[in-house]
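Before any comments, here is the structure.
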Amino acid sequence: MKKTIVFGAVLLSLSLVLGGCGSDDDTTSANEPEEPATEDEQEGQVDQEEPSEEQEADNSVEETEAQGTNEDEGDESGDTEEGGQEEQEEATTDTGASDNSLLNPSISELSEGDIEVIYTNSNADFVHDMDGFVVSVDEYQLVKIEDMNRNMTIPFNDEVDGYLVTAKITVDNQKDTAMYYPMSLRIQMNDQYDYSVSQPRLFIDDADVVVSEMEEEVSKYGAGEKVSGLVSFAFSNEEYERLTNTNPKFIISGGAADNDQFSGGYREEGVFDFIYSSEQGDEVSSRPDLYQSKLVTDNIAEQSIIFEDTSINQEEMIDDVRVTLKGVQYTELEPTASFEEAFTDTGDGLVALTVLFHVDNQSDSPISMFSTRSMLTVDTNRARYMPEGMLEPGTETMLEPGNDTEDMKGFLFYKDEFELYENFELEYGPFYGEDGRELFKADLLNFTLPR
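Numbering (our numbering), first residue to last: 13 to 463.
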């Protein structure tokens, strides 16, 4: 229901725009950090399990760094095999893991099930820098668990068979003050409402839990502290089917703040392609490099590029604020199955224009990026479009002096109308301050967009 309402609003906006009006005031709150849903009963079951010290290590296994604290724990499962071990580029690289090796050896004992390694990404390199509070995913592993202990089935839809992703997480607080962070990572499937949230203790030994060594408060990390550990994500068989039939994302939530109320925290999320097989990794690496609007991050639509220029780099100034038009992408949309019902009355289809800016605030005034305006004029007032805020990624609410950020604007067109257009002029600004008043004498910039 939520998706239909959202995009019903988008398409209503589109039809109004073609008549000469619209609004960019609708922005999504999907980037608010979500507290991970805990399974108290499940965690209680996990905590009762004690790792065996009599397991015999497999002599053919080269221990990974993540197993350093579990050197006397081995994998007892004799039929575990890691499939598709071949090098891939960047985030899809799948190297460094030996056959029968488990990133988290505790899974076998704590689940009491039979374990099969499906895929290992030993060089994930997902890094989310929240102004000096850095959370990264160093590696992860997908396994299948069969015939697990019946008391451990709650996260797997009460089934004795299921799938588990274990991720090695590093929290690096590079700031000179203690920081709070709600470790609510998630793996998204069909859309932003369909995901598996990180479990801090599911099949994870106490020694491998991500926790501060300097602070006693939950979710608090000391100044200059760097810690690593494991988190897990559970998938039932039906959820795994959805995972492997969409474009899943690994999302590192925002929310890092210097207070336990998380007020004024860094709200942007880090969104990365989640690779679950070598074949799918090859497919992802061959896709066009699309701007990360919500069309991509929320799996709203498949996009095929009509035209792009990603190296415009035109710089303009408003007072001491440098605004750089970095590039544009025009794409034709094909709604994903999860959003087909939201795209109604689209005629011959839709075209999206995504414009990427870089804003560097060297002024003395904080700037409300949420309130920054823009207007697209087509063929000298033939039509005027306001941006579709719901398709734009969330940005920091306030851009403080001395900081910089990216700002993305998205526009939608009916395809048959778009094919008639020739010239696009984008008006950017004015900026607004914390009090909602216009800054810099309401100055604004004008950019001619390539078409």
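We treat Cβ as the ideally placed atom computed from N, Cα and C, and that holds for glycine.
Review point. From which residue to which residue does the beta strand (DSSP E) around LEU154 run?
Key: 145 to 158
Practice item. Return helix, strand or coil for LEU391, following the three-state DSSP convention. Key: The residue you asked about is not Leu; residue 391 is Asp in the sequence shown. Note: ASP391 maps to coil in three-state DSSP.
Review point. At which residues does the beta strand (DSSP E) containing ARG334 begin and terminate?
Key: 333 to 347
Review point. Taking Cβ to Cβ, would you say LYS261 is nearer than 8 Å to PHE284?
Key: yes
Review point. Taking one C-beta from the segment 309 to 323 and one from the segment 337 to 348 each time, how about it: are there three or more such pairs within less than 8 Å?
Key: yes
Exercise for review: Pull up the distance between the alpha-carbon of ILE264 and that of VAL390, whole angstroms please.
Suggested key: 38 Å
Check your understanding: Can you tell me the Cα-Cα spacing of GLU418 and LEU337, whole angstroms?
Key -> 10 Å
Review point. Under 8 Å between the Cβ atoms of ASP203 and SER383?
Key: No, the pair does not count as a contact, with Cβ atoms beyond the cut-off.
Point to revise | Bridge partners - ILE264, DSSP secondary structure assignment | key: GLY282
Practice item. Taking all protein chains shown into account, decide if VAL147 is buried (16 or more other Cβ within 10 angstroms of its Cβ) or exposed. Key: buried
**Study point:** Inter-stretch contact at 8 Å, needing at least 3 Cβ pairs: the segment 240 to 259 / the segment 191 to 205
**Key:** In this structure the segment 240 to 259 lies against the segment 191 to 205, because at least three pairs of beta carbons, one per stretch, are closer than 8 Å.
Review point. Per DSSP, MET191 forms a beta bridge with which residues?
Key: TYR233
Point to revise | Beta bridge counterpart(s) of PHE245 as assigned by DSSP | key: VAL177
Review point. So, are the CB atoms of LEU411 and ILE330 less than 8 Å apart?
Key: Going by C-beta atoms, LEU411 is not nearer than 8 Å to ILE330.
Check your understanding: For ARG6, does the three-state DSSP call read helix, strand or coil?
Key -> Because the chain spans 13 through 463 in this model, residue 6 falls outside it and cannot be assessed.
**Study point:** Separation of LEU368 from ASP137, as counted between CA atoms
**Key:** 24 Å
Review point. Around the Cβ of THR178, are there at least 16 other Cβ atoms within 10 angstroms (buried) or fewer (exposed)?
Key: buried
Check your understanding: For GLU446, which of VAL221, GLY276, ASN163 and ASP141 has the nearest alpha-carbon?
Key -> GLY276
Review point. Name the DSSP beta bridge partners of TYR303, please?
Key: DSSP, once it has assigned bridges, lists no residue as partnering TYR303.
Practice item. Specify whether the segment 115 to 123 and the segment 146 to 162 touch according to this definition: at least 3 beta carbon pairs, one from each stretch, less than 8 Å apart. Key: yes
**Study point:** Pairwise C-alpha distance: LYS156 and GLY441
**Key:** 52 Å
Check your understanding: When the distance is taken between beta carbons, is VAL222 closer than 8 Å to VAL209?
Key -> No. Outside cutoff.
Review point. At what residues does the beta strand (DSSP E) containing GLY445 begin and finish?
Key: Per DSSP, GLY445 belongs to no beta strand (DSSP E) and is neither H nor E.
Check your understanding: Are the beta-carbon atoms belonging to PHE423 and LEU388 less than 8 Å from one another?
Key -> The answer is yes: Cβ separation under 8 Å.
Exercise for review: Report the rounded CA-to-CA distance for ILE199 versus LEU438, giving the unit in angstroms.
Suggested key: 36 Å
**Study point:** Under the three-state DSSP convention, the category GLN292 falls into
**Key:** helix
Review point. Does the Cβ-Cβ distance between VAL340 and ASP357 come in under 8 Å?
Key: Not a contact, by the Cβ cut-off of 8 Å.
Review point. How many angstroms separate the CA atom of GLN304 from the CA atom of GLU280?
Key: 13 Å
Practice item. Flag this pair as touching only if the segment 183 to 200 and the segment 227 to 234 have three or more C-beta atom pairs under 8 Å; answer yes or no. Key: yes
Practice item. Keeping to the same chain, check which residues put their C-beta closer than 6 Å to that of ASP184; ignore five residues upstream and five downstream. Key: VAL146 and LYS238
Point to revise | Same chain, Cβ closer than 7 Å to ASN271, neighbours up to 5 away in sequence not counted | key: TYR192
Practice item. Return the residue from the list PRO378, ARG254 and ARG396 that minimises the CA-CA distance to THR409. Key: PRO378
Point to revise | Residue interval of the alpha helix (DSSP H) (run including ILE119) | key: 118 to 123
**Study point:** Extent of the continuous alpha helix (DSSP H) run through ASP428
**Key:** 427 to 430
Check your understanding: So the beta strand (DSSP E) THR366 belongs to, where does it begin and stop?
Key -> 362 to 373
Exercise for review: Just grab the DSSP bridge partners of MET464 for me.
Suggested key: Here the chain comprises residues numbered 13 to 463, so residue 464 is not present and cannot be evaluated.
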